[in-house]
Amino acid sequence: MAKERVILDVNVWISGLLWTGTPNRLIQAAEDGDLTLVTTPAIVEEIRGAFARPKFAARITALNTSMGELMESLLSIVEVIQDPRIEAVISQDPDDDKILACAVAAGAGSIVSGDHHLLALKRYSGIPIVTPKQFWDAWAKRPE
């Protein structure tokens, strides 16, 4: 069975790399080779920028890691595709458009996000947009 290609929104990456919980389990599944996580250079830069925010400094220190190590960990488990052409879809948060464009370009089976702008769409170009819990619950029930 082919591994599902999944796009994680920036908020899911941050949660998954800094805390335990469902986003972390998704990243662990990719580390174990059970999921294919796909991203683009623009999304990687947005994640890097998020890690640089002062509000995450204490958590990164508490984990005895660094932003560089977190980014290295992320890059070791993702497939990076070229930045696709981005169409304006979400006027309230244009940064979300790069997630949608990545999903289409990657032929993703799902977009996983905690962002209400994305979740409100429910689907984009036939690709479901779901929370980490919704994805995990459905994915965990799949036939092997």
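What the sequence shown shows, in the numbering used here, is residues 10 to 153, in sequence order.
Where is the CB? At the ideal position from N, CA and C, for every residue including glycine.
Distances from the alpha-carbon of Thr140 to those of Ala38, Val21, Glu13, Lys12 put Val21 closest. For the segment 20 to 93, the continuous beta strand (DSSP E) assignments of 3+ residues that do not extend past its boundaries occur at 45 to 48, 87 to 89, in sequence order.
In this chain, Val139 is not harboured by any alpha helix (DSSP H); it is covered by the beta strand (DSSP E) spanning 136 to 139. With respect to Ala129, Arg14 sits apart: the two C-beta atoms are not nearer than 8 Å. DSSP places Val113 in no beta strand (DSSP E) but in the uninterrupted alpha helix (DSSP H) bounded by 106 to 115.
Non-local C-beta neighbours of Val98 in its own chain, meaning closer than 6 Å and more than five positions away in sequence, comprise Asp106, Leu109, ordered along the chain. Scanning Ile120, Ala149, Trp28 for the CA closest to the CA of Phe65 turns up Trp28.
Spatial neighbours of Ser24 in its own chain (CB-CB distance under 6 Å, excluding positions within 5 residues in sequence) are listed in chain order as Pro32.
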